[in-house]
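Have a look at the structure below before the remarks.
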Amino acid sequence: MLATALTAVLAATALSACGDSGSDPDTIRIQFKKSTDAKNKIFDREIEAVKKEFEEKFPGKKVELIPVQVPDEQYYTKVQQMLRSPKTAPDLVYEDTFLINSDIAAGLLTPLDDYLKDWKDWGQYVDTAKTAAQGQDGKTYGVPDGTDTRGLWYNKELFAEAGLPVDWQPKTWDDVLDAARTIKRELPDVIPLNVYTGKPAGEAASMQGFEMLLYGTGADPLYDPKSKKWVAGSQGFTDALDFVHTVYNDGLGPDPQDALDPNVGTKVGTEWLPEGKLAIDLDGSWMSNNWLETGPTPWPEWTEVLGQAAMPTQNGEAPGRVSMSGGWAWSIPAKANNPELAFEFMKVAQSRKNNTRLTIANGQIAVREDVAADPDYQAYVPGVEFFTGLVEDTHYRPALPVYPQVSTAIQEAMEQVTTGDASAEDAAKGYDEQLDSITDGEVVEK
Amino acid sequence: MVSKHTPAPAGPRDAAGAARVPGQAGGGRRRTGPSKHPQPPNSVLRALLRALPVGPSVVLMLLFLAGPIAYCVWIAFTDLQLSGQAESSFVGLENFRTAFGDEGFINAVWLTLVFTILSSIVGQNTLGLALASLMQRASKTVRTVTGAIVITAWVVPEVVAGFLLYAFFRREGTLNSVLDWLHLPSQNWLYTLPILAVSFANIWRGTAFSMLVYSAALSEIPKEITEAAEVDGAGGWRKLWHVTLPMIRRSIATNLMLNTLQTLSVFGLIWAMTRGGPGDRSQTLPLFMYEQAFKNNLLGYGTAVALLLLLVGALFSLVYMRMLRTEV
Numbered sequence: 001m002l003a004t005a006l007t008a009v010l011a012a013t014a015l016s017a018c019g020d021s022g023s024d025p026d027t028i029r030i031q032f033k034k035s036t037d038a039k040n041k042i043f044d045r046e047i048e049a050v051k052k053e054f055e056e057k058f059p060g061k062k063v064e065l066i067p068v069q070v071p072d073e074q075y076y077t078k079v080q081q082m083l084r085s086p087k088t089a090p091d092l093v094y095e096d097t098f099l100i101n102s103d104i105a106a107g108l109l110t111p112l113d114d115y116l117k118d119w120k121d122w123g124q125y126v127d128t129a130k131t132a133a134q135g136q137d138g139k140t141y142g143v144p145d146g147t148d149t150r151g152l153w154y155n156k157e158l159f160a161e162a163g164l165p166v167d168w169q170p171k172t173w174d175d176v177l178d179a180a181r182t183i184k185r186e187l188p189d190v191i192p193l194n195v196y197t198g199k200p201a202g203e204a205a206s207m208q209g210f211e212m213l214l215y216g217t218g219a220d221p222l223y224d225p226k227s228k229k230w231v232a233g234s235q236g237f238t239d240a241l242d243f244v245h246t247v248y249n250d251g252l253g254p255d256p257q258d259a260l261d262p263n264v265g266t267k268v269g270t271e272w273l274p275e276g277k278l279a280i281d282l283d284g285s286w287m288s289n290n291w292l293e294t295g296p297t298p299w300p301e302w303t304e305v306l307g308q309a310a311m312p313t314q315n316g317e318a319p320g321r322v323s324m325s326g327g328w329a330w331s332i333p334a335k336a337n338n339p340e341l342a343f344e345f346m347k348v349a350q351s352r353k354n355n356t357r358l359t360i361a362n363g364q365i366a367v368r369e370d371v372a373a374d375p376d377y378q379a380y381v382p383g384v385e386f387f388t389g390l391v392e393d394t395h396y397r398p399a400l401p402v403y404p405q406v407s408t409a410i411q412e413a414m415e416q417v418t419t420g421d422a423s424a425e426d427a428a429k430g431y432d433e434q435l436d437s438i439t440d441g442e443v444v445e446k
Numbered sequence: 001m002v003s004k005h006t007p008a009p010a011g012p013r014d015a016a017g018a019a020r021v022p023g024q025a026g027g028g029r030r031r032t033g034p035s036k037h038p039q040p041p042n043s044v045l046r047a048l049l050r051a052l053p054v055g056p057s058v059v060l061m062l063l064f065l066a067g068p069i070a071y072c073v074w075i076a077f078t079d080l081q082l083s084g085q086a087e088s089s090f091v092g093l094e095n096f097r098t099a100f101g102d103e104g105f106i107n108a109v110w111l112t113l114v115f116t117i118l119s120s121i122v123g124q125n126t127l128g129l130a131l132a133s134l135m136q137r138a139s140k141t142v143r144t145v146t147g148a149i150v151i152t153a154w155v156v157p158e159v160v161a162g163f164l165l166y167a168f169f170r171r172e173g174t175l176n177s178v179l180d181w182l183h184l185p186s187q188n189w190l191y192t193l194p195i196l197a198v199s200f201a202n203i204w205r206g207t208a209f210s211m212l213v214y215s216a217a218l219s220e221i222p223k224e225i226t227e228a229a230e231v232d233g234a235g236g237w238r239k240l241w242h243v244t245l246p247m248i249r250r251s252i253a254t255n256l257m258l259n260t261l262q263t264l265s266v267f268g269l270i271w272a273m274t275r276g277g278p279g280d281r282s283q284t285l286p287l288f289m290y291e292q293a294f295k296n297n298l299l300g301y302g303t304a305v306a307l308l309l310l311l312v313g314a315l316f317s318l319v320y321m322r323m324l325r326t327e328v
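If you read the protein sequences in the order shown, they are chains E and F. Just so we're aligned, residue 1 is where the first sequence starts under our numbering, counting upward by one. Just so we're aligned, residue 1 is where the second sequence starts under our numbering, counting upward by one.
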């Protein structure tokens with residue numbers, strides 16, 4: 001009994017302590033995700049520097065950092081819980097743009113439009129990046145600090161051997177498939193083209209694989225923001241599935257058994273590409289992290305061997321190329337105690353100088369034009385210029401609360417055409433039915 | 001992930017434990033005491049005073065064991081999501097209705113039954129008994145070596161075991177190398193027969209437990225009885241069927257119950273080997289539950305599925321309990 005009473009008293013004091021610091025008008029509380037890798041202190045160091053700079057700029061004001069050192073999924077849950085109560089809600093929170101729409105939908109975040117209006121740096125952000133944390137109401141709820149983009153990585157040595165141009169830029173889907181066919185003919189031992197597919201690959205299949213195709217078939221192919229409904233029965237969807245079908249049924253991709261192995265992503269980065277077993281890979285800007293001296297498979301020659309090309313639209317429609325993006329953003333919770341001061345902190349953290357340092361420290365792609373033009377940034381990893389160029393034409397996922405279920409439905413449809421169990425039409429029909437039940441019929445035919 | 005996953009399968013065991021611990025032993029003693037020396041007003045007070053030391057543990061138990069379980073039951077009747085929702089509401093039996101109309105759920109129930117019957121009831125149980133009876137007769141060295149190997153498989157953490165068996169079954173894996181060497185056709189077991197592969201993995205990992213239970217049971221059979229059977233002319237099979245098995249009947253039931261509950265909740269092993277795939281061909285209930293609750297964010301639905309899993313465990317337990325009760 002005594003123990004229980006003691007626990008209760010301790011809990012109460014702990015809670016009231018939280019409340020006190022939360023309501024102090026001179027203190028702002030900043031929540032961010034601390035790397036679970038204890039050796040990785042880069043981000044911590046940068047954020048400490050920002051704190052120091054802020055406290056010097058605003059004498060008498062204090063910053064309380066709340067690092068949360070847990071794996072990604074747990075961080076999301078933790079953030080969700082903290083945002084719900086004014087006692088625990090921080091003044092500024094760092095969140096994956098993938099989840100921000102869920103928090104907007106739940107009314108947990110503050111619209112930033114009034115603040116952004118008076119912040120001249122906002123003009124430096126690339127237009128597509130400004131939509132990274134936009135709610136269904138058209139208001140902006142987060143300032144992205146960096147992103148990632150996606151495109152085609154190809155092996156120049158294999159291309160030369162197969163008689164393909166080493167300076168390659170396909171204009172249409174058919175160009176990509178033609179190059180893969182040439183590789184298959186000339187170099188039968190090489191996997192011509194990797195497109196992530198199926199449930200084992202998870203979100204990589206949806207994002208690096210399917211959506212990189214789908215967003216090349218027309219505007220808003222997955223979700224229609226005007227009617228606020230999910231898109232069903234579109235030709236683009238079937239065509240994208242047909243592309244996957246062609247890759248796996250014409251033997252242009254990895255063996256379906258390998259493609260559906262849960263560890264395929266690791267294989268691509270640490271075996272297939274470095275060992276010259278794969279000619280073209282539809283993948284993300286971060287791939288070179290695998291080949292750093294400190295990475296899992298050091299491969300200094302990759303800068304000579306690998307080239308990058310933008311993923312083309314279906315028939316070369318404007319703007320001619322596609323990319324998908326994610327990344328993290330700073331937001332102010334709806335229950336924050338000092339929103340104005342929090343925005344001031346965000347301005348310091350996102351100043352040109354600090355944003356450059358943070359983007360490099362996180363190994364990300366810049367979303368600000370002045371950062372992208374910074375010589376330090378341009379030199380930090382080879383290929384960064386190419387992937388930064390894609391930001392202009394990139395897309396963010398419609399990360400609404402039901403998106404994870406939509407994504408699973410996409411992966412299932414992909415898997416059916418990969419194994420050859422269903423035609424693209426049938427798999428698309430199956431997706432439409434699932435979409436209907438996931439969204440309670442909130443779909444629009446396109 | 002793990003913390004959310006464990007409470008449900010652990011439920012029946014915890015409930016049994018909770019029921020046993022608090023008062024029964026002490027209560028029995030108390031009742032016999034006052035009946036000999038009747039002291040009406042004092043006895044109530046004394047009983048209360050005696051119960052006082054147990055109080056905190058009862059409160060803690062209610063708080064930390066019964067509390068989360070009750071909360072789980074409540075969630076299963078709501079539409080609670082992991083994110084994207086300001087508040088959840090009570091939806092009654094909606095989640096359960098959804099489950100029984102969900103192809104994925106039905107598929108998971110079947111696979112769970114296949115997995116449990118194949119790997120726990122047939123595999124671990126039979127193999128454990130076979131190993132135990134062989135070891136009764138084996139020399140001490142053989143016993144020690146076999147015991148060490150089998151128990152090592154048991155001690156290896158679930159996820160590590162999953163990875164080892166992934167390496168064993170995959171296309172470039174050990175099993176196929178051996179088959180190639182024997183000129184037998186090889187295949188990607190994780191792709192063609194995933195539920196069989198994960199069942200085998202569970203047998204590999206869990207047999208040690210059955211072996212230990214049966215070793216203990218067999219060593220307690222009095223020598224005279226087996227010798228008498230031999231004198232009466234019983235052969236090996238008849239001895240096993242008419243003497244050994246009836247004598248260890250209780251151990252069989254206990255072992256089956258523990259094995260089944262353990263197998264029903266296997267997650268890490270299957271996750272590491274196949275992620276429930278390809279497609280959903282090795283997606284047992286725990287993996288289906290994980291997908292709904294943490295990938296699709298449907299916490300309410302996932303918890304409802306967990307409750308149904310609990311029900312499956314309870315059904316199995318009932319069958320075994322009946323076995324326990326019938327005396328030979």
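Where a beta carbon is used, it is the ideal one built from N, C-alpha and C, also for glycine.
Counting only runs of at least 3 residues, the region 89-174 of chain E fully encloses the following beta strand (DSSP E) elements, listed from N- to C-terminal order: 92-96, 150-155. Three or more beta-carbon pairs separated by less than 8 Å link the region 23-33 of chain E to the region 59-73 of chain E, which places the two stretches in contact.
E94/F and A234/F have their C-alpha atoms some 59 Å from each other. Closer than 9 Å to the CB of L190/F there is at least one CB belonging to chain E.
The beta-carbon separation of T207/F and Q292/F, rounded to 31 Å, does not stay under the 8 Å limit for a contact. Taking C-beta atoms as the reference points, P274/E and N289/E fail to come closer than 9 Å.
Interface flag for Q81/F against chain E is set, since a Cβ pair is found closer than 9 Å. Chain-order list of chain F residues neighbouring E415/E: G277, P278, G279, by C-beta distance under 9 Å.
Listed along chain F are E291, K295, N296, each with a C-beta nearer than 9 Å to that of T408/E.
Taking the CA atoms as reference points, A314/F sits about 11 Å from L264/F. Comparing alpha-carbon positions, the option among W302/E, G320/E, D103/E, I104/E lying closest to A219/E turns out to be G320/E.
Contacts between Q405/E and chain F, judged by CB atoms closer than 7 Å, involve N296 in chain order. The region 189-232 of chain E contains, as complete alpha helix (DSSP H) runs of 4+ residues, the segments 198-201 (chain order).
From the beta-carbon of G198/E, the residues of chain F found nearer than 9 Å are G277, P278, G279. Bounds of any alpha helix (DSSP H) do not take in K33/E; it lies within the beta strand (DSSP E) bounded by 27-33.
Interface criterion not met: the Cβ of T146/F is under 9 Å from no Cβ in chain E. W328/E sits in a strand when the DSSP states are folded into three classes. When C-beta distances to chain E are compared with 9 Å, the residues of the region 250-275 of chain F below that value are W271, A272, M273, T274, R275, in chain order. Assigned with DSSP and collapsed to three states, K277/E falls in coil, not helix or strand. Every alpha helix (DSSP H) stretch that sits fully inside the region 248-275 of chain E and reaches 4 residues is listed by chain position as 256-259, 264-267. P221/E has its alpha-carbon roughly 51 Å from the corresponding atom of W181/F. Residue pairing by DSSP puts K62/E in a beta bridge opposite T27/E. Interface annotation, Q31/E: not in contact with chain F, CB-CB separation never under 9 Å. In this structure, P192/E sits away from A204/E, with a CB-CB distance that is not shorter than 9 Å.
Among the residues of the region 169-180 of chain F, those with a Cβ less than 8 Å away from any Cβ of chain E are R170, R171, in the order of the chain. By the Cβ-count criterion, I106/F is exposed, with fewer than 16 other Cβ atoms from all chains shown falling within 10 Å of its own Cβ. In this model, D393/E and I195/F are separated by some 44 Å (Cα to Cα).
A direct Cα-Cα distance of roughly 18 Å separates P401/E from Y431/E. When the five nearest sequence neighbours on each side are left out, the beta carbons in the same chain lying within less than 8 Å of the beta carbon of D376/E are those of T356, I360, in order along the chain. Boundaries for T394/E: no alpha helix (DSSP H) harbours it, while the beta strand (DSSP E) harbouring it runs 394-396, taken from the DSSP string.
Between the beta-carbon of L112/E and that of V143/E there is about 7 Å, and that keeps the pair under the 8 Å contact cut.
Proximity to A334/E across M82/E, P262/E, T297/E, F58/E peaks at M82/E, based on C-alpha coordinates. Contact check for F316/F against L261/F passes: the beta carbons are separated by less than 9 Å.
Going by C-alpha positions, T408/E is about 13 Å away from Y290/F. Considered as a whole, the region 87-171 of chain F harbours 94-100, 103-115, 125-137, 140-155, 158-169 as its complete alpha helix (DSSP H) runs of no fewer than 4 residues, in chain order. Of the candidates K184/E, P398/E, V406/E, E369/E, the residue whose Cα lies closest to the Cα of V391/E is E369/E.
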